[in-house]
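Protein chains: 2
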Amino acid sequence: MSLLLRRIAPASQARWGAATIAGRRLLSKVGGNGTPDPMTGELTALPDINVSRLEITRNTKPNTPPPSSTLMFDGPLNLEPSSTVLHYAQTLFEGMKAYRQENGKVTLFRPDMNMKRMNNSARRIALPTFDGEALLDLIKELVRIDKHWIPKEPGHSLYIRPTLIGNQKAIGVGPPNEALLFVICSPVGPYYPKGFKPVALYGTTEYIRAAPGGTGAYKLGVNYAPGVMPQKDAAEKGYVQNLWLHGPEHYLTEVGTMNMFVVFKKENGALELVTPPLDGMILPGVTRDSVLSLARDHITGKNRLPNLPDNLVVSERGVTMKEVQEASKSGDLVELFGAGTAAVISPVDRIGYLGEDVHIPTGPDGMGPISRPIWTELVGRQTGTIDSDWSVTVDN
Amino acid sequence: MSLLLRRIAPASQARWGAATIAGRRLLSKVGGNGTPDPMTGELTALPDINVSRLEITRNTKPNTPPPSSTLMFDGPLNLEPSSTVLHYAQTLFEGMKAYRQENGKVTLFRPDMNMKRMNNSARRIALPTFDGEALLDLIKELVRIDKHWIPKEPGHSLYIRPTLIGNQKAIGVGPPNEALLFVICSPVGPYYPKGFKPVALYGTTEYIRAAPGGTGAYKLGVNYAPGVMPQKDAAEKGYVQNLWLHGPEHYLTEVGTMNMFVVFKKENGALELVTPPLDGMILPGVTRDSVLSLARDHITGKNRLPNLPDNLVVSERGVTMKEVQEASKSGDLVELFGAGTAAVISPVDRIGYLGEDVHIPTGPDGMGPISRPIWTELVGRQTGTIDSDWSVTVDN
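Protein chains in written order, with the working numbering: chain A, 1 to 396; chain B, 1001 to 1396.
Spelled out as structure tokens, the structure:
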């Protein structure tokens, strides 16, 4: 397995910035081609990442960050045309963010979860697993070198994309005899620069995102390409994203490329925060887990959140469109939102479903009574303005 | 959209052979970057393939074909690390074969079906469609130049792999603003060099290949990576390939990366040749269609096949594991086989299913009474020894 840490470049330049981490050259030497196990094809002989052998090659003519609108990635990758990623979609990735505080401190948010999930994804499509802590060390080094590229403005961050692809010199469906792990980064602004704007979803009955026995629970490339055309269809019908449904009961599963939550008012006056269970079709999202943890810690009193109602119940259970429709009509639907690394929380005000629109309440700021206080705590912990062990310091 | 026609090279050489078709350079100029439609993101402004502008650059130092065991593809592709194929699996391909007869005549088999299916696949994942006849003209030109690489021996051919990938300079799930179409080739020997060897299948209940609303009916990369790990699991259990099942009834769908057929003896003594219907989960295979057509033309008398029974019925209908199990026990199971471009016909003698083995009859040569005469006719038409309009002459 080779490792390549890549950096961003403006469109007008071949390379830029302070340094290039030459992880690839080094680790090619260390790793080279893997030797597949003759019985299983597994890359058992593949050396893992060795952080101590990292070599950093600094750019002798560093640039200063150009306007974000001109940003693009630098030089191309050289891939064999027979690479399994190009034919059989043997690819997986993670999405992470580095935040820079006004005092210069740089942090990552729960990066251990990304490393763990990335290894789970690799196992699912027979790509080699690796030492997640070692990769994290290398990502930290990359972020430290490029920390001046992280915008300081609220809601801004450096988006980090570790990617693992199969890459070999012969056509054939199977575990590849080479793999390439690369990391690319890009400064990103807030998802909602002018405040929350609730979105309309298209309750999609023609296409699926995942099915039992499939790959929905893994962050694999194969979960994304099939969603592009349904998303275009939804856009043509006037909706922003697909609400992915499952089965004849139309269970709600995910929203576009996010996990989803819905809040119901119960007969006893309690509010129930519900998200679909991790049944093999749902991506175990870092934001999903964080929302659940914050809500549960509030209920148990471990960590009370300001403005979050006390009479809260948290459920991981299936929810059907019928339940959402009936709650919308009876006034028992409190809110519905997507949750993911890119948007953090994405409120929904409408679902087009079988020719009708199901309306969902939103507050004057676009948020709901549960998502608003959770979002405040979550973003505070992500950016490091609220201390927590979820925030990992990269640079002080 | 750019187009690249690539050639194979021995491991020890950077390039070889008589010529390099410089379709890429030319068509980059013609096509360049597509301009996505602002509303739909569709690449409406993308120029199509213009065959008349093909430039051929001949290699001044051509090599003779080396031993097949040393073959590999030549120089790498340069791809942006942000290419949608690398992150979101935006890739599709076709598998075709060119055959060379002893008299030197070179033919393709039903290539129009590959071109049509390739465009259907492109539509499903929001990649640009193209003029299939134009691509076919370019493939023919590539095959003509490299015809001396097509082995003459029976069962040998030149495998042709047209591939279309998304390739852009920014991370983002959506229709890419660039696409690359490339074609690579490789000489291949027979799937069964020492006669037919029936295989054992693992009736897979833990994983799926496809589901309603998914992508099983399209030849997309996303259908392959998720099958690698289940195939390894099957191999560890002592089976060669997965038999992909669907639903609680365990409907048989496909075999590994092939379509499948099963033959039952009916109460009235007739033989029923059954394959699952094209219900959205089944790949519309060229070999599948050819097997069905040959059997139907035999029944109607349009083209009688030697040794194929007269009392034959052809059905496209669902078949459950229960039906196969019961027929195996009662003696009414005649044969079961996979059908695809690589193996043509692949007989099955055993299915591991829920802890038991279901046994399937095979003849002394490994084939069954229906597959044997159909295989003979099919291979004759493929290689051009039997005249038919399915065989397209590339070079005389």
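All C-beta atoms, glycine included, are put in the ideal place defined by N, C-alpha and C.
Tell me which residues share the same chain as residue i and place their Cβ nearer than 8 angstroms to its Cβ, disregarding the 5 neighbours each side in the sequence.
{"i": "Ala1225 of chain B", "result": "Ala1089"}
{"i": "Leu1399 of chain B", "result": "Because chain B in this structure spans residues 1001 to 1396, residue 1399 of chain B falls outside the shown range and cannot be described."}
{"i": "Thr1320 of chain B", "result": "Glu1249, His1250, Tyr1251 and Leu1252"}
Would residue i be called buried (16 or more neighbouring beta carbons within 10 Å of its own) or exposed?
{"i": "Gln382 of chain A", "result": "buried"}
{"i": "Asp1146 of chain B", "result": "buried"}
{"i": "Phe1073 of chain B", "result": "Low per-residue confidence applies at Phe1073 of chain B: pLDDT is 47, beneath 50, and the placement is therefore not dependable, though the value from the model is reported in the following sentence. Buried is the call here."}
{"i": "Thr1020 of chain B", "result": "Low local confidence applies: a pLDDT of 33 at Thr1020 of chain B is under 50, so the model's placement there is unreliable, and no value is given."}
{"i": "Gly1172 of chain B", "result": "exposed"}
{"i": "Ser1330 of chain B", "result": "exposed"}
{"i": "His1246 of chain B", "result": "buried"}
{"i": "Leu354 of chain A", "result": "exposed"}
{"i": "Arg1317 of chain B", "result": "exposed"}
{"i": "Asn1259 of chain B", "result": "buried"}
{"i": "Thr1287 of chain B", "result": "buried"}
{"i": "Pro81 of chain A", "result": "buried"}
{"i": "Asn303 of chain A", "result": "exposed"}
{"i": "Leu1117 of chain B", "result": "Looking at the sequence provided, one finds Arg at residue 1117 of chain B rather than Leu. Classification of Arg1117 of chain B: buried, given that the 10 Å Cβ count is 16 or more."}
{"i": "Pro277 of chain A", "result": "exposed"}
{"i": "Arg144 of chain A", "result": "exposed"}
{"i": "Asn1177 of chain B", "result": "buried"}
{"i": "Val394 of chain A", "result": "buried"}
{"i": "Pro248 of chain A", "result": "exposed"}
{"i": "Gly1301 of chain B", "result": "exposed"}
{"i": "Gly1132 of chain B", "result": "buried"}
{"i": "Glu1402 of chain B", "result": "In the structure displayed, chain B extends from 1001 to 1396; residue 1402 of chain B sits before or after that span and is not available."}
{"i": "Asn396 of chain A", "result": "exposed"}
{"i": "Thr1205 of chain B", "result": "exposed"}
{"i": "Lys219 of chain A", "result": "buried"}
{"i": "Arg53 of chain A", "result": "exposed"}
{"i": "Pro1154 of chain B", "result": "exposed"}
{"i": "Lys406 of chain A", "result": "Nothing can be reported for residue 406 of chain A, as the shown portion of chain A is limited to 1 through 396."}
{"i": "Gly104 of chain A", "result": "exposed"}
{"i": "Lys1322 of chain B", "result": "exposed"}
Using a C-beta cutoff of 7 angstroms, does residue i count as contacting chain D?
{"i": "Tyr1224 of chain B", "result": "Within the model displayed, chain D is absent; protein chains A and B are what it includes."}
Ignore the nearest five residues each way along the sequence and tell me which others in residue i's own chain have a CB closer than 6 angstroms to its CB.
{"i": "His1156 of chain B", "result": "Gly1189"}
{"i": "Ile386 of chain A", "result": "Gly380"}
{"i": "Pro151 of chain A", "result": "Pro187"}
{"i": "Tyr1207 of chain B", "result": "Pro1230"}
{"i": "Leu136 of chain A", "result": "Pro111 and Met115"}
{"i": "Ala1327 of chain B", "result": "Phe1264 and Leu1333"}
{"i": "Leu134 of chain A", "result": "The question names Leu, yet the displayed sequence has Ala at residue 134 of chain A. Counting only Cβ-Cβ distances below 6 angstroms, and skipping sequence neighbours, we find Ile49 and Val51."}
Looking only at its own chain, which residues have a Cβ that is under 7 angstroms from the Cβ of residue i, when we skip the five neighbours before and after it?
{"i": "Gly269 of chain A", "result": "Asn311"}
{"i": "Val85 of chain A", "result": "Thr91, Ile165, Gly166 and Asn167"}
{"i": "Val392 of chain A", "result": "Thr107, Leu108 and Pro111"}
{"i": "Thr1215 of chain B", "result": "Arg1124, Val1222 and Asn1223"}
{"i": "Ala217 of chain A", "result": "Leu278, Gly280, Met281, Ile282, Leu283 and Pro284"}
Practice prompt. Flag this pair as touching only if the segment 1284-1293 of chain B and the segment 1246-1253 of chain B have three or more C-beta atom pairs under 8 angstroms; answer yes or no.
Written response: no
Worksheet item: Can you list, in chain order, the residues of the segment 1327-1356 of chain B whose Cβ is nearer than 8 angstroms to any Cβ on chain A?
Response: none
Worksheet entry | Length at least 4, wholly inside the segment 91-164 of chain A: the alpha helix (DSSP H) runs in chain order | Those alpha helix (DSSP H) runs which fall completely within the segment 91-164 of chain A and span 4+ residues are 111-124 and 132-145.
Practice prompt. Please name the residues in the segment 84-110 of chain A whose beta-carbon is closer than 8 angstroms to at least one beta-carbon of chain B, in chain order.
Written response: Flagged, chain order: Thr84, Val85, Leu86, His87, Tyr88, Ala89, Gln90, Thr91 and Phe93.
Worksheet entry | Inter-stretch contact at 8 angstroms, needing at least 3 Cβ pairs: the segment 1353-1368 of chain B / the segment 1192-1209 of chain B | yes
Worksheet item: Any contact of the segment 1081-1096 of chain B with the segment 1121-1136 of chain B, i.e. 3+ C-beta pairs under 8 angstroms?
Response: yes
Discussion item. I'd like the ranges of any beta strand (DSSP E) spanning at least 3 consecutive residues and lying wholly in the segment 170-207 of chain A.
Written reply: 179-188 and 199-204
Practice prompt. Spell out a yes or no on whether the segment 220-236 of chain A and the segment 1096-1114 of chain B are touching, meaning 3 or more CB-CB pairs, one atom from each, closer than 8 angstroms.
Written response: no
Worksheet item: Should the segment 1330-1341 of chain B be called in touch with the segment 1300-1310 of chain B, which here means at least 3 C-beta pairs below 8 angstroms?
Response: no
Practice prompt. Output, in sequence order along the chain, the residues in the segment 159-176 of chain A whose CB is closer than 7 angstroms to any CB in chain B.
Written response: Arg161, Thr163, Ile165, Lys169, Ala170, Ile171, Val173, Gly174 and Pro175
Worksheet item: Going along the chain, which unbroken runs of the beta strand (DSSP E) with 3 or more residues stay wholly within the segment 302-358 of chain A?
Response: 312-316, 333-340 and 344-353
Practice prompt. Pull out every residue of the segment 112-137 of chain A whose Cβ sits closer than 8 angstroms to any Cβ of chain B, in chain order.
Written response: Arg123, Arg124, Ile125 and Ala126
Practice prompt. Can you give me, in chain order, the residues of the segment 1231-1247 of chain B that have a beta carbon less than 8 angstroms from any beta carbon in chain A?
Written response: Correct list: Gln1231, Lys1232, Ala1235 and Glu1236.
Discussion item. Give me the subset of the segment 1182-1198 of chain B whose CB atoms are less than 7 angstroms from a CB atom of chain A, sorted by chain position.
Written reply: Those would be Phe1182, Ile1184 and Ser1186, in chain order.
Discussion item. Could you tell me which whole beta strand (DSSP E) segments of length 3 or greater appear in the segment 1268-1308 of chain B?
Written reply: 1271-1275
Fill in: Members of the segment 1297-1308 of chain B near chain A, C-beta cut-off 8 angstroms
none
Practice prompt. Could you list the residues in the segment 1250-1282 of chain B with a C-beta less than 7 angstroms from some C-beta on chain A, going in chain order?
Written response: Thr1257
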